[in-house]
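Beneath this line is the structure, given in structure tokens, with notes to follow.
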Amino acid sequence: MTSGSVEAYYENGKQLKDGKGKSKICNLSRHGRDKFQERLDFKFSDFQALEIEKGWNNLFVSIISIETGETIAKSGKATVQNGECCWEDSILSTIWISDDSL
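Written out as structure tokens, the structure reads:
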């Protein structure tokens, strides 16, 4: 992830570097330390939409969390041609799963 031209690094949802690139100490809560979390990386690619009704010029894909209703990732716009649309770019997303949710 980037914030301006400075990279911010995250682990278990905690930011490890501040906006100036200096290391930060992360104090995990007493309960957060005991939980096991597994990182899952997803790469969504080669999206295609077929049989698109007339009237649509551009489309984009959003991946939305069922649990929170928040947008996790969003593609760029793709042009509709002859009722079809395809995305050349990939969507990368990372989620953390705790042992409580397994």
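Residue numbers (full-length UniProt numbering): 1 to 102.
Each residue gets a CB set at the ideal place from its N, CA and C atoms; glycine is no exception.
When secondary structure is reduced to three states using DSSP, D41 falls in the strand class.
Around the beta carbon of W56, fewer than 16 other beta carbons lie within 10 angstroms, which makes this residue exposed. Distance between N58 and Q81, taken at the CA atoms: about 9 angstroms. At the C-beta level, S75 and V61 come within 8 angstroms of one another. Under DSSP, the beta-bridge partners assigned to T71 are I64. Around the beta carbon of W96, fewer than 16 other beta carbons lie within 10 angstroms, which makes this residue exposed. No residue range can be given for W87, since it is assigned to no beta strand (DSSP E) and is classified by DSSP as neither H nor E. Note: L59 is bridge-paired with A78 in the DSSP secondary-structure output.
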